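Trainee: Chains A and B are the protein sequences, given in the same order.
In terms of our numbering, the numbers along the first sequence are unbroken and rise by one, the last being 374.
In terms of our numbering, the numbers along the second sequence are unbroken and rise by one, the last being 736.
Got a structure for you, questions after.
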Amino acid sequence: MITEENINVGIKEEEFILNMGPQHPSTHGVLRLVCSIKGEIVKNIEPHCGYIHRGIEKMTEKLTYPQIVHLTDRLDYLSALINNEAYCLCVEKALEIEVSDRIKYIRTIMSELTRIASHQLWWCSFGMDLGGLTCFFYGLRDREKILDIFEETCGSRLIISYNTPGGLMADIHPNFQKKVKEFIKYFRKTLPEYDQLLTGNVIMQERCKGVGYISKEDAISYGVTGPSGRGSCFSCDVRKKEPYSAYKFVNFNEVLRCEGDTFARYMVRMDEMRESMNIIEQLIDNIPEGPYAEKMKGVIKLPEGEYYQRVEAARGEFGVYIVSKGEKNPYRVKFRSPNFSNLSALNTMAKNQKIADLIAIGGSLDYVIPDIDR
Amino acid sequence: MEFSIYDFTSFTKSLDKLLNENMSSFWATSIEMLLIGVGILAFYALVGLFLVYAERKVCAFIQNRVGPNRVGPYGIIQTIADLFKLLMKELIPIKNADKLLFNIAPFIVIIASFLAIAAIPFAKGLHAIDFNIGIFYVIAVSSMGVIGVLLAGWSSNNKYSLIGAMRSGAQIVSYELSVGLSLITMVIFAGSMQFSVIVEAQRDGWFLFRGHIPAIIAFVVYLIACTAETNRGPFDLAEAESELTAGYHVEYSGIKFAFFFLAEYMNMFIVASIAATVFLGGWMPLHVGGFSGFNHVMDFIPPFFWYIGKTFFIIFIMMLFKWTFPRLRIDQLLTLEWKYLLPINLVNVVLMALIVLNGWHF
Numbered sequence: 001m002i003t004e005e006n007i008n009v010g011i012k013e014e015e016f017i018l019n020m021g022p023q024h025p026s027t028h029g030v031l032r033l034v035c036s037i038k039g040e041i042v043k044n045i046e047p048h049c050g051y052i053h054r055g056i057e058k059m060t061e062k063l064t065y066p067q068i069v070h071l072t073d074r075l076d077y078l079s080a081l082i083n084n085e086a087y088c089l090c091v092e093k094a095l096e097i098e099v100s101d102r103i104k105y106i107r108t109i110m111s112e113l114t115r116i117a118s119h120q121l122w123w124c125s126f127g128m129d130l131g132g133l134t135c136f137f138y139g140l141r142d143r144e145k146i147l148d149i150f151e152e153t154c155g156s157r158l159i160i161s162y163n164t165p166g167g168l169m170a171d172i173h174p175n176f177q178k179k180v181k182e183f184i185k186y187f188r189k190t191l192p193e194y195d196q197l198l199t200g201n202v203i204m205q206e207r208c209k210g211v212g213y214i215s216k217e218d219a220i221s222y223g224v225t226g227p228s229g230r231g232s233c234f235s236c237d238v239r240k241k242e243p244y245s246a247y248k249f250v251n252f253n254e255v256l257r258c259e260g261d262t263f264a265r266y267m268v269r270m271d272e273m274r275e276s277m278n279i280i281e282q283l284i285d286n287i288p289e290g291p292y293a294e295k296m297k298g299v300i301k302l303p304e305g306e307y308y309q310r311v312e313a314a315r316g317e318f319g320v321y322i323v324s325k326g327e328k329n330p331y332r333v334k335f336r337s338p339n340f341s342n343l344s345a346l347n348t349m350a351k352n353q354k355i356a357d358l359i360a361i362g363g364s365l366d367y368v369i370p371d372i373d374r
Numbered sequence: 375m376e377f378s379i380y381d382f383t384s385f386t387k388s389l390d391k392l393l394n395e396n397m398s399s400f401w402a403t404s405i406e407m408l409l410i411g412v413g414i415l416a417f418y419a420l421v422g423l424f425l426v427y428a429e430r431k432v433c434a435f436i437q438n439r440v441g442p443n444r445v446g447p448y449g450i451i452q453t454i455a456d457l458f459k460l461l462m463k464e465l466i467p468i469k470n471a472d473k474l475l476f477n478i479a480p481f482i483v484i485i486a487s488f489l490a491i492a493a494i495p496f497a498k499g500l501h502a503i504d505f506n507i508g509i510f511y512v513i514a515v516s517s518m519g520v521i522g523v524l525l526a527g528w529s530s531n532n533k534y535s536l537i538g539a540m541r542s543g544a545q546i547v548s549y550e551l552s553v554g555l556s557l558i559t560m561v562i563f564a565g566s567m568q569f570s571v572i573v574e575a576q577r578d579g580w581f582l583f584r585g586h587i588p589a590i591i592a593f594v595v596y597l598i599a600c601t602a603e604t605n606r607g608p609f610d611l612a613e614a615e616s617e618l619t620a621g622y623h624v625e626y627s628g629i630k631f632a633f634f635f636l637a638e639y640m641n642m643f644i645v646a647s648i649a650a651t652v653f654l655g656g657w658m659p660l661h662v663g664g665f666s667g668f669n670h671v672m673d674f675i676p677p678f679f680w681y682i683g684k685t686f687f688i689i690f691i692m693m694l695f696k697w698t699f700p701r702l703r704i705d706q707l708l709t710l711e712w713k714y715l716l717p718i719n720l721v722n723v724v725l726m727a728l729i730v731l732n733g734w735h736f
């Protein structure tokens, strides 16, 4: 708790405290960054979270296993389907169920579409953080097409809950393959527009290159994963390290960059969108026949024990840890959310840089606040 | 009373004569001042409203959107509706704010832009006052606006607005140099600071085309510097909505906010007007020396429309800047001015002086 006595602890003369958030346009939600500022230079950043804490991990203890899927959407709502998948994989691992190849293929395609949609929205907001408002509309224009695909198959656009333990909620829509192929063709044409508008811009490169450096060692010790970690040469792609679902059937590259600055993190995400399109192209024509859901018992009870499953969410490694006492609801569930660890490195990255750099670095970390607070 | 859309001189002269014949010179002057004041005020409000609408349409065009299209045909009444909304809004009093400075800041900003517009020639014979130091006056008056910005930031008792005001101060003071020097380059070329003389000197071709490379350099530098001076993107660091929420006017609401908003657009109009007058010939139609037939055809378009067309062309370029470029950082902004634009400008002034001395221009 901040009081009059301890508010100035650690603050030197000529510095003053600037509260960024909880209501601030560039914290992307209700994050509060208490910054000590000297002129334009940020001396220290103290993130305060908890403004959107909903106690999701506690709520799971009262719910049955199929119900918990719907809570996983509400963590990182921009990679909702990937969170669903992680939880379902964990339950399936506990029950020792091997789902059919059709389910694996569809889950992987959906995850990659989610990743593209998430990176598109990141690009929108990153452009906006840098002051280029036009980016926002270009990104949303293309993201809309993915959401339309989701809506047709899953019936929902943002918080989808398409995966269930043992399969999927429904089979894919007959138009699904056609629409996805159309989207890939369309997006291959429009992705260069992103580069023309923002990547190639001199101002943007000046703003990003050499800003917010984090070394590989620091990235590993802070647990910075996902595109943010891979921008610092930290090879941490779970899809490569521990292939789940259909990732073992496809060829793709892990995008790595070693500069460790904001621009590297930016470029990793841009290249990941291209890789995701490659993955989808390899899978979309080869979806095997089979059931869209395995036969499950009416009441799912996990055998007693502890289970952990991790996947590569759009922002990094997402882990689900379930402790079961053999009942119909879990004893304890813990989500390892990527944003929480990524945020912890913010001070290392943004210390002694300008206020504008702090915003750019925050944008390149791409944090989603409900995922930090849970 | 004779009236011609091509030349307002005879109209104003005959109006002056009519008034002086019927009343004492004191009352005649007073009525003239009143007429000019009301005229400029109406013009000011109309242009402000139109610019807000134009900006929304242009940015919608760039961003794959439609823009305002519900209120009135093509949404042209949208800005008027917005204005009424702003008029109705509560003026929120700020705790611990410096009340006097907080209240006069928006007026200083708007008066600065209002004073500057008085010296601009809109068409032949259509300007309020024709100084022999017109350019100097406009630069001097328009730079007063920064005082209002600084006061607004300081008196709001808000950290964001304070940072915004400090940034704005550093920015405008720096870029004032570039604006001044690039205009001085053209003053050397024209040999006068009087707007009417400058426009008349462009009868055989606009300065941008006649002034060789220095004129083009000065034009580009002026465009960059005046975008920065009006606090528009990519130099909108004083507002920087993603960093400082709204910068210096974060605590203002209602009509006081509207004053800042209007002043921003009017400053854009003023700097574009000066660019149009000094580089593109103001109200002078496009003339090419020697082609009298072509020049005669061009003369059929009334001067006022030439002036408005050129001004809005430059405003359109400034809008393109804003909606395509990301924002600079404060140190990059100052580097750009002090390390690049200012040295280029100084060399440019010398180059222009050489060209004028040797008579190398067209």
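Idealized CB from N, CA, C, for every residue including glycine.
All values derive from a computational prediction rather than experimental measurement.
In the DSSP assignment, what residue or residues form a beta bridge with Glu57/A?
Mentor: Bridge partners of Glu57/A: none, in fact.
Trainee: Hey, quick one: how far does the alpha helix (DSSP H) through Val320/A stretch, first residue to last?
Mentor: Looking at the DSSP string, Val320/A is not in any alpha helix (DSSP H); the run it does join, the beta strand (DSSP E), is Gly316 to Ser324.
Trainee: Cα separation between Asp142/A and Gly132/A?
Mentor: Cα to Cα, Asp142/A sits roughly 17 Å from Gly132/A.
Trainee: From the DSSP output, read off the bridge partner residues of Phe16/A.
Mentor: Ile37/A.
Trainee: Under a CB-based cut-off of 8 Å, is Ala356/A close to chain B?
Mentor: So yes, Ala356/A belongs to the interface.
Trainee: Mind checking which residues open and close the beta strand (DSSP E) that includes Val333/A?
Mentor: Start and end: Arg332 to Arg336.
Trainee: Do you know how far the Cα of Leu130/A is from the Cα of Ile287/A?
Mentor: Distance between the alpha carbons of Ile287/A and Leu130/A is about 41 Å.
Trainee: With a threshold of 16 other CB atoms inside 10 Å of the CB of Arg269/A, please say whether the residue is buried or exposed.
Mentor: Buried, because 16 or more other Cβ atoms sit within 10 Å of the Cβ of Arg269/A.
Trainee: Using a Cβ-Cβ cutoff of 8 Å, what residues of the segment 197 to 209 of chain A are near chain B? List them in chain order.
Mentor: Cβ contacts with chain B come from Leu197, Leu198, Asn201, Ile203, Met204, Glu206 and Arg207.
Trainee: According to DSSP, what are the bridge partners of Glu625/B?
Mentor: Its beta-bridge partners do not exist; DSSP assigns none.
Trainee: Can you tell me whether DSSP reads Pro291/A as helix, strand or coil?
Mentor: Of the three classes helix, strand and coil, the one that applies to Pro291/A here is coil, per DSSP.
Trainee: Using the Cα positions of Gly210/A and Ile466/B, report the straight-line distance between them to the nearest angstrom.
Mentor: Approximately 42 Å between the Cα atoms of the pair.
Trainee: Once you ignore the five residues that flank Ile451/B on each side, which residues in its own chain have a CB closer than 8 Å to its CB?
Mentor: So the qualifying residues of the chain are Val445.
Trainee: Using CA coordinates, which residue listed in Leu63/A, Leu75/A, Pro338/A and Phe136/A is at the minimum distance from Leu197/A?
Mentor: The candidate whose alpha carbon is nearest that of Leu197/A is Phe136/A.
Trainee: Over the uninterrupted beta strand (DSSP E) stretch that includes Gln437/B, give me the two end residues.
Mentor: From DSSP, Gln437/B is part of no beta strand (DSSP E); its letter is neither H nor E.
Trainee: Do you know offhand how far Ile82/A's Cα is from Gly127/A's?
Mentor: For Ile82/A and Gly127/A, the distance between alpha carbons rounds to 25 Å.
Trainee: Could you tell me which chain B residues have their CB closer than 9 Å to the CB of Pro303/A, listed as they occur along the chain?
Mentor: Residues of chain B passing the Cβ test: none, with the nearest at roughly 50 Å.
Trainee: What is the C-beta distance between Leu447/A and Asn342/A, in whole angstroms, given that I count them as a contact (C-beta under 8 Å)?
Mentor: Because chain A is modelled from 1 through 374, residue 447/A falls outside the range shown and cannot be assessed.
Trainee: Applying a beta-carbon distance threshold of less than 8 Å, which residues of chain A neighbour Ala471/B?
Mentor: Per Cβ cutoff of 8 Å: no residues; Ala471/B is ~18 Å from chain A at best.
Trainee: Would you decide whether Thr225/A is buried or exposed? Buried here means 16 or more other CB atoms lie within 10 Å of its CB.
Mentor: Buried, since its Cβ has 16 or more Cβ neighbours within 10 Å.
Trainee: The beta strand (DSSP E) that contains Arg310/A, what's its start and end?
Mentor: Residues Gly305 to Ala313.
Trainee: Using a Cβ-Cβ distance under 8 Å, would Ala599/B count as near chain A?
Mentor: Output row for Ala599/B: interface = no.
Trainee: Buried or exposed: Arg188/A, going by 16 or more other Cβ atoms within 10 Å of its Cβ?
Mentor: Classification of Arg188/A: exposed, given that the 10 Å Cβ count is below 16.
Trainee: So Asn532/B contacts chain A; which residues on that side make the cut at Cβ distance below 8 Å?
Mentor: Those do not exist, as Asn532/B stays about 10 Å from chain A at its closest Cβ, beyond 8 Å.
Trainee: I believe Glu377/A touches Val255/A by the beta-carbon criterion, under 8 Å. Please report the beta-carbon distance rounded to the nearest angstrom.
Mentor: The structure shown does not extend to residue 377/A, since chain A is modelled only from 1 through 374, so no value can be given for it.
Trainee: For Ile468/B, which residues from the same chain have a beta carbon less than 7 Å from its beta carbon, with the 5 sequence-adjacent residues on both sides left out?
Mentor: The residues are Phe476, Ser530, Asn531 and Glu625.
Trainee: Touching or not, the segment 28 to 42 of chain A and the segment 629 to 648 of chain B, by the rule of three or more beta carbon pairs under 8 Å?
Mentor: The answer is no - the segment 629 to 648 of chain B does not touch the segment 28 to 42 of chain A, with fewer than three Cβ pairs under 8 Å.
Trainee: So which residues on chain B does Arg141/A lean against when the C-beta distance must stay under 7 Å?
Mentor: Under the 7 Å cutoff, chain B gives Asn438.
Trainee: Assuming His501/B and Ile494/B make a contact with CB atoms under 8 Å, what is their CB distance in whole Å?
Mentor: Contact holds; Cβ gap of about 6 Å.
Trainee: The alpha helix (DSSP H) spanning Leu524/B covers which residue range?
Mentor: From DSSP, the alpha helix (DSSP H) with Leu524/B extends over Gly519 to Ser529.
Trainee: May I ask you to list, following chain order, the residues of the segment 676 to 706 of chain B that have a beta carbon less than 9 Å from some beta carbon of chain A?
Mentor: Answer in chain order: Lys696, Trp697, Thr698, Phe699, Pro700, Arg701, Leu702, Arg703, Ile704, Asp705 and Gln706.
Trainee: For Gly441/B, collect the residues of the same chain with a Cβ closer than 8 Å to its Cβ; drop the 5 residues on either side in sequence, then sort them by chain order.
Mentor: Closer than 8 Å at the Cβ level, and outside the excluded window around Gly441/B, lie Arg430, Lys431, Cys433, Ala434, Phe435 and Gly449.
Trainee: Whole-angstrom Cβ separation of Gln576/B and Met658/B, contact assumed at under 8 Å?
Mentor: With 8 Å as the limit, Gln576/B and Met658/B qualify as a contact, their Cβ atoms being about 5 Å apart.
Trainee: Verify the CB distance criterion: does Gly441/B have a CB-CB separation below 8 Å to chain A?
Mentor: It does not: the Cβ of Gly441/B has no partner Cβ on chain A nearer than 8 Å.
Trainee: Kindly give me the distance between the Cβ atoms of Ser337/A and Asp371/A, rounded to whole angstroms, as I take these residues to be in contact under 8 Å.
Mentor: Right, their Cβ atoms sit about 5 Å apart.
Trainee: I'd like the span of the alpha helix (DSSP H) that includes Ser570/B, first residue to last.
Mentor: Here the alpha helix (DSSP H) through Ser570/B covers Phe569 to Glu574.
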